[in-house]
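Chains as they are written, first to last, in the working numbering: chain A, 440 to 885; chain B, 6 to 148; chain C, 3 to 582. Don't be surprised by glycine CBs; every beta carbon is placed ideally from N, CA and C. The structure presented is a predicted model; accordingly, all values stated were derived computationally and were not measured. Since the structure comes first, as structure tokens, the remarks are kept for the end.
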Amino acid sequence: MTVAGDKTDFSSMVPTETALVIGGGVAGLQAALDIADQNFQVVLVEKTPSIGGVMAMLDKTFPTLDCSACILTPRLSEVSRHPNINLLTYSEVLGVSGEAGDFRVKILRKARKVIEDKCSGCGECVPHCPVQVKNEFDQNLGYRKAIYIAFPQNTPLVYTIDTDNCIKCELCVKSCDREAIDLSMEDEEIEIGVGAIVIATGYELFDVSQYRRLGYGRYRNVINALEYERLINASGPTGGNLLRLSDGKIPRSIGFIQCVGARDVQKGVPYCSRVCCMYGVKNAIMAKELQHENVKNVTVYYADIRAYGKGFEEFYQMAKRRFGIRFIRGRVAEVVEDPKTKDVIVYAENTQTSEFLKEKHEMVVLCPGILPPKGLKQLADELGLGLGTDGFISVEHPASNPVDTRIPGVYVAGCAESPKDIPDSVAAGSAAAMRASITLSRGGAS
Amino acid sequence: MKQTEYTPNIVAFTCNWCSYGSADLAGISRIQYPPSVKVVRLMCSGRVDPLMVIESFKNGADGVMVTGCHLGDCHYSTGNYRTKARFEALQKAMKLMGLHPDRLRLLWASASEGQQWAEAIIDMTERLREIGPNPINNGGGGK
Amino acid sequence: MASAEEPKIGVFVCHCGHNIAGAVDVESVARNASHYPHVLYSTDFMFMCSDMGQALIREKIEELGLDRVVVASCSPRMHEPTFRRVVEEAGMNRYCYEHVNLREHVSWCHANEPDKATTKADDLVRMAVARAALLQPLDIKTVSIEPHALIVGGGVTGLRAAVDIGSRGYKATVVERESEVGGFLRHLDVLYPDNEKAGEVIGRLRDAASKLDNVTILTDSEVVDFEGYVGNFEATIMNNKTGKKTKRKFGTVIVATGFEPFEPEGYYGYGEHPDIITLAEFEELRAKGAPLRASDGKPPKNVLFIGCVGSREEGKHGHEHCSRYCCTAMVKAAADIHDTCDEVVVLYSDLRTFGRGHEEIHRHALSEHVIFSKFGSKKPTVEVKGDEIVVRWKDVLSCGNMEYKPDLVVLTTAMIPPGTSENVGKLFGLTRSADGFFNEEHIKLAPLTTHTAGVMIAGAAQSPKDTTDATTQASGAAAKAVTLMVQKEVEIESAVSVVDDTLCSACHTCVTACPYSAISVNPDRDPPVAEVVEAKCHGCGTCAAACPSGAITMQHSTDDQILAMLEAYLEPSVFQGSGK
């Protein structure tokens, strides 16, 4: 059993045979698997209650429209069952000392108040919990109880109690046949010795409410792209039905606004977020695919359509030709709400025709750029890593050593290094695994 | 007489590498086509024994497609050359069996040709609607 | 365990969220399946591939003693290996597992006809149940892995992979067609985003490789023949200078054959004037010193760049893709030479400066007063009038008709697959996508492995990209190769063909049919009969179809199994009538 339950003996792990992977998103999972498949031990630390990262929240992925859960869940399974991977979810790295071949890592194992070895994930406790709070996995659009799993394929399939909202009524404790709930559980600090570290801490979305003129937070029918993903996802808050938040109706006209919090020097995000053009096109296609005849008008307002990867340009052309998505080159000036219908009006200039547009949509989706996750700076400082001006982890020689940080034995994969899509994150995860395995096999030397 | 109401029953023998991939790609690309074809997945189109095609018609299939990689691209290097030779022999046999030659079709499709897969089925379904169900066994018991 | 008695079949129909259930009535398909012969258990489930779905299968195998399992879900290319592992964990032989595709072949392509889609789903499940009843367990075969990786291509990608594999302690042999390693980077001066010198990057990797005893680099060499299977490949490498051929054994292969820069004959006056050159040619001039005009040897003063040359041309086979590297390369080149020029103009269709540091290069070029002009669907025209070059286009943003007389035109051309890629594909069993680059196993989650076990792809061979993305893939592919070599042993497909001695008439038809010489007639037997060399058999089944006596059985793809599927599909009443 590799869910690192309470019985895992970390002190018996040999540092030069063990790697630490920080982050359980798709890059971290790939790195963990590739290192573990080489017969090394891996400790995978993930701060949320489940591995899967942002990819677990998505509905479909570009450019194939593969269902994200379908391609991810077997990976989650593989990681959780791998004899060489020790999964520490709901845990965080507090500090690191030492050097390649012998890093000493302090890890905080937050108290889930549920005993991992005993919980079977049956969910019997849930109906008994009287506390209902917003579900952060559903981007606060749906609800969960204080005792919860993030999503149906939560890995490990073990419940967690949100102590900030738990009222300690103990109704769940009484309902659990396996006596798996222990409200007296405390946070625990452990120390492990590892020979190499892979940082795969992923990303966060830009807070689009910073663009007041685009109406997010003020108008119910202006949402962000991740909220849209949850709305169209079959395991999301509406069971996969794309509905307006103001009145539950199917929006017949949808506007997607690109580059919100990207390529904007004034908002401190001068860099390109690399994935938003493609996810915007994908979301636009999904609106048509899901709703068929109901959605008449899907418009994407963009600066450049960066369809650069394998199959991307073809996907973009398909959006135009087969799905009839309208693409308007122009930054949106303002979004205004019609107070009666709650429809939203987009003011933009079509820079290709010099026309000023006033387009009425029943829903507007803002596509945010991506940022380094909170806590990355502290982690970088702790490890002695450099950060670029973009806030992501620096790599010394991007051309020849694209995953090597300036600290020997510490590697970076996925969006922790800079924005990238799933295939590039997966390739980077494997690359970091390769480099880490060299460090381990050489006892710490590079 | 065009029988637009019936959905022809078509058996499609595919190879695991190219033509099965083209069928997958048609679905991945969400290209819509009639649900007339049922795929029998084999490793190579060279596995298709003429007996299987004949049995299909005997059982009442309205059409049979033999599909595989393009000549020269066979995953097993020469398998599909055999397929081609057998197909030509089968075409002659169609006459002897009293079946319309358009009921048997050969399709070379690479794994990146989803559009071609869908088009071949749309085309064949249309044609089978024109020529009617298999006179042997009244189009079989399949719906 | 499979027994000679009645098979016990379990059927599991997946909703796949609303991917399948949105068009197919999965509950009814599962209900119908429960009536098929030998089906002991039939159910539908939300996500069969999830932990819970997998646990359900294991649970039912144990509880009911199932010895055949059918899962109806997505494409077998996605999850057949997953479910084979699941049944094996519960003690059932993996070859007693049958997979049905209800997603790519049904719900995704018949979304508008749910009734007919459900009928088709029923048909496919019925066919699978009929086949499952006739499946037989097969012994699992393992093979050893030669701890030696073959790396085809000595560019930056191949070198990075070689250094990684060698550093990890395994042997790597790089086969490079040209006289020196380095690939395309030999023709470049500096690389974006950090201005690393291309020559230094190659030098670093080459030096690291030379310090590793287990890395061999063969220049002026090509792989001319290749055969075998994962862990046991044999490559014939020819030295083009001496003509000498050597055979070597390898366990894994990384194909890193890179790209070719497109020669834009017929585009924008290329070939009509010596000062209309490609970006590749421009960079080569820069690498040698400063770019000078070919016509008079003087430095250019007014340079015009045109983007997307030979890329993104809808309907033009092999030129529909975006070449990814070019916008940033073009913008950087424009910014770099601006100091020595009066004016630099960049004509672009879209500006895809997407990578880390790329947008900053774009902004820098703007601050250097490089002039950017977007052309629309109507491409610019280039007219050569004697010594003069006149470029005309419509600037989209100002709607103005523009005319410019540059003294140097630089065409930013596409990255296309090298001319050898068709042969390379055939040699290593790789297929190519519509853009001509090699296909990976899965475009999202497995970009570095291919459908041919043991053969990886990396760098531009997989699709156009810059150096950073190429070396990332190189290290990633190296990890895949090392994983195999660390194992020392790997499982291979057990389905091979088998000859029934009693039926074989030694007619030799199978011998000529087999592409791998894996079957031959043994003259020492009396009477002589055909025999299969299992290690060479790839499991295609051509021999089985060819045998006029029906003496050859293709395991896991037998005549009985196939005919049972046909009968189940076309004669369901007969199928259902022969009940439990």
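* Within chain C, partners of residue 872 of chain A - CB distance below 7 Å -> Walking along the first sequence from the start, residue 872 of chain A turns up at place 433. Going along chain C in sequence order, the residues near residue 872 of chain A (Cβ under 7 Å) are 481.
* Please determine, among B:83, B:56, B:40, the residue with the shortest C-alpha to C-alpha distance to residue 561 of chain C. => Counting from one through the third sequence, the residue named residue 561 of chain C turns up at place 559. Minimum Cα distance to residue 561 of chain C is reached at B:56.
* Asked: Nearest chain C C-beta to residue 560 of chain A closer than 9 Å, yes or no?
  -> Along the first sequence, one-based indexing puts residue 560 of chain A at 121. So yes, residue 560 of chain A belongs to the interface.
* Look at the alpha carbon of residue 498 of chain C and the alpha carbon of residue 446 of chain C, and state the distance between them as a whole number of angstroms. => Your numbering for residue 498 of chain C matches position 496 in the third sequence. Your numbering for residue 446 of chain C matches position 444 in the third sequence. Each residue's alpha carbon lies about 31 Å from the other.
* Simplified DSSP assignment, three categories, for residue 719 of chain A -> Numbered from 1 along the first sequence, position 280 holds the residue referred to as residue 719 of chain A. Residue 719 of chain A: helix per DSSP, three-state reduction.
* Asked: residue 19 of chain C touches chain B at which residues, Cβ-Cβ below 7 Å?
  -> Numbered from its first residue, the third sequence carries residue 19 of chain C at position 17. Neighbours of residue 19 of chain C on chain B: none; closest Cβ ~16 Å, over 7 Å.
* Asked: When the distance is taken between beta carbons, is residue 255 of chain C closer than 9 Å to residue 1 of chain C?
  -> An answer regarding residue 1 of chain C cannot be provided, because it is not within the stretch 3 to 582 covered by chain C.
* Chain-ordered neighbours of residue 465 of chain C on chain A, where CB pairs are closer than 9 Å -> Numbered from its first residue, the third sequence carries residue 465 of chain C at position 463. Simply 748, 749, 750.
* To do: Starting from residue 52 of chain B, find everything on chain A with Cβ-Cβ shorter than 8 Å and list it in chain order.
  => Numbered from 1 along the second sequence, position 47 holds the residue referred to as residue 52 of chain B. Those do not exist, as residue 52 of chain B stays about 28 Å from chain A at its closest Cβ, beyond 8 Å.
* Asked: To the nearest angstrom, how far is it from the Cα of residue 657 of chain A to the Cα of residue 764 of chain A?
  -> As a first step, residue 657 of chain A is located in the first sequence; it is residue number 218 there, counting from the start. As a first step, residue 764 of chain A is located in the first sequence; it is residue number 325 there, counting from the start. Residue 657 of chain A and residue 764 of chain A: Cα-Cα distance of roughly 27 Å.
* To do: List the residues of chain B whose Cβ lies closer than 9 Å to the Cβ of residue 318 of chain C, in chain order.
  => The residue you call residue 318 of chain C lines up with position 316 of the third sequence. Ordered by position in chain B, no residue passes the 9 Å Cβ test against residue 318 of chain C, which lies about 16 Å from the chain.
* To do: Identify, in the order they occur along the chain, each residue of the same chain with its Cβ nearer than 8 Å to the Cβ of residue 655 of chain A, setting aside the five sequence neighbours on each side.
  => Here residue 655 of chain A is taken as the residue at index 216 of the first sequence, counted from 1. Hits under 8 Å: 647, 648, 661, 662, 663, 805.
* To do: Between the Cα of residue 652 of chain A and those of A:865, A:459, A:774, A:823, spot the shortest distance and give me the residue it belongs to.
  => Position 213 of the first sequence holds residue 652 of chain A. For the residues A:865, A:459, A:774, A:823, the minimum Cα distance to residue 652 of chain A belongs to A:774.
* Within 10 angstroms of its Cβ, does residue 537 of chain C collect 16 or more other Cβ (buried), or is it exposed? -> Here residue 537 of chain C corresponds to residue number 535 of the third sequence, with the count starting at 1. With fewer than 16 other Cβ atoms within 10 Å, it is exposed.
* To do: Could you tell me which chain B residues have their CB closer than 7 Å to the CB of residue 503 of chain A, listed as they occur along the chain?
  => As a first step, residue 503 of chain A must be located in the first sequence, where it is residue number 64. Those within 7 Å of residue 503 of chain A in chain B are 33.
* To do: Could you work out which residues of chain C lie near residue 158 of chain B, taking near to mean beta carbons separated by less than 8 Å?
  => Only positions 6 to 148 of chain B appear in the structure, and residue 158 of chain B is not among them; the question remains open.
* **Span separating the alpha-carbon of residue 64 of chain C from that of residue 809 of chain A** => The residue you call residue 64 of chain C lines up with position 62 of the third sequence. The residue you call residue 809 of chain A lines up with position 370 of the first sequence. In a straight line, the C-alpha of residue 64 of chain C is about 47 Å away from that of residue 809 of chain A.
* To do: Compile a chain-ordered list of the residues in the segment 715 to 737 of chain A whose CB is closer than 8 Å to at least one CB of chain B.
  => 728
* **One or two residues paired with residue 521 of chain C in a DSSP bridge** => Here residue 521 of chain C is taken as the residue at index 519 of the third sequence, counted from 1. Bridge partners of residue 521 of chain C: C:534.
* For residue 68 of chain B, the three-state DSSP class (helix, strand or coil) -> The sequence position of residue 68 of chain B within the second sequence is 63, counting from 1. Assigned with DSSP and collapsed to three states, residue 68 of chain B falls in strand.
* To do: For chain B, find out if any of its Cβ atoms is closer than 9 Å to the Cβ of residue 419 of chain C; answer yes or no.
  => Position 417 of the third sequence, counted from the first residue, corresponds to residue 419 of chain C. Output row for residue 419 of chain C: interface = no.
* Which of the three DSSP states, helix, strand or coil, is assigned to residue 711 of chain A? -> Indexing the first sequence from 1 puts residue 711 of chain A at position 272. DSSP places residue 711 of chain A in coil when its eight states are reduced to three.
* State buried or exposed for residue 261 of chain C, treating a residue as buried only when at least 16 other CB atoms are found within 10 Å of its CB. => Locating residue 261 of chain C in the third sequence gives position 259, where the first residue counts as 1. Taking every protein chain shown into account, the CB of residue 261 of chain C has 16 or more other CB atoms within 10 angstroms, so this residue is buried.
* Asked: Alpha carbon to alpha carbon, what distance is there between residue 258 of chain C and residue 145 of chain B?
  -> Walking along the second sequence from the start, residue 145 of chain B turns up at place 140. Walking along the third sequence from the start, residue 258 of chain C turns up at place 256. Below a pLDDT of 50, predicted positions are generally treated as unreliable, and residue 145 of chain B, at 48, falls in that range; no measurement from the model is reported.
* Minimum Cβ-Cβ distance from residue 445 of chain A to chain C less than 9 Å -> Within the first sequence, numbered from 1, the residue matching residue 445 of chain A stands at position 6. Since pLDDT at residue 445 of chain A reaches only 49, below the 50 mark, its modelled position is unreliable, and the value read off the structure follows with that caveat. Not one beta carbon of chain C lies nearer than 9 Å to the beta carbon of residue 445 of chain A.
* Ignore the nearest five residues each way along the sequence and tell me which others in residue 118 of chain B's own chain have a CB closer than 8 Å to its CB. => Indexing the second sequence from 1 puts residue 118 of chain B at position 113. Take residue 118 of chain B, set aside five residues on each side of it, and the residues of its chain with a beta-carbon closer than 8 Å to its own are 27, 30, in chain order.
* **Endpoints, the alpha helix (DSSP H) within which residue 60 of chain C is located** => Walking along the third sequence from the start, residue 60 of chain C turns up at place 58. Where residue 60 of chain C is concerned, the enclosing alpha helix (DSSP H) stretches over 53 to 66.
* Keeping to the same chain, check which residues put their C-beta closer than 8 Å to that of residue 456 of chain A; ignore five residues upstream and five downstream. => Here residue 456 of chain A is taken as the residue at index 17 of the first sequence, counted from 1. Cβ neighbours of residue 456 of chain A beyond the five flanking positions: 479, 480, 634, 879.
* If you measure from the beta carbon of residue 811 of chain A to each beta carbon in chain C, is any gap under 9 Å? -> Taking the first sequence and counting its residues from 1, one reaches residue 811 of chain A at position 372. It does not: the Cβ of residue 811 of chain A has no partner Cβ on chain C nearer than 9 Å.
* To do: Check the Cβ of residue 594 of chain A against every Cβ in chain C and list those closer than 8 Å, keeping chain order.
  => Residue mapping note: residue 594 of chain A aligns to position 155 of the first sequence, counting from 1. What residue 594 of chain A touches in chain C: 53.
* **Three-state class that DSSP yields for residue 397 of chain C in the structure shown** => Here the question's residue 397 of chain C lines up with position 395 in the third sequence. The answer is strand: DSSP assigns residue 397 of chain C an E or B state.
* Any C-beta of chain B under 9 Å from that of residue 225 of chain C -> Within the third sequence, numbered from 1, the residue matching residue 225 of chain C stands at position 223. It does not; no Cβ of chain B falls within 9 Å.
* To do: Could you tell me whether the Cβ of residue 118 of chain C comes closer than 9 Å to any Cβ of chain A?
  => As a first step, residue 118 of chain C must be located in the third sequence, where it is residue number 116. Chain A contact via Cβ: absent.
* **is_contact[residue 509 of chain A, chain D] using C-beta, thresh 9 Å** => The structure shown contains no chain D; its protein chains are A, B and C.
* Can you grab the Cα-Cα spacing for the pair residue 108 of chain B / residue 712 of chain A, in whole Å? => On the second sequence, position 103 is the one that residue 108 of chain B refers to. On the first sequence, position 273 is the one that residue 712 of chain A refers to. The straight-line gap from Cα to Cα measures roughly 53 Å.
* Just the chain B side, please: which residues come within less than 8 Å of residue 327 of chain C by C-beta, in chain order? => Reading the third sequence from its first residue, position 325 is the one you call residue 327 of chain C. Correct list: empty, because the minimum Cβ distance to chain B is about 22 Å.
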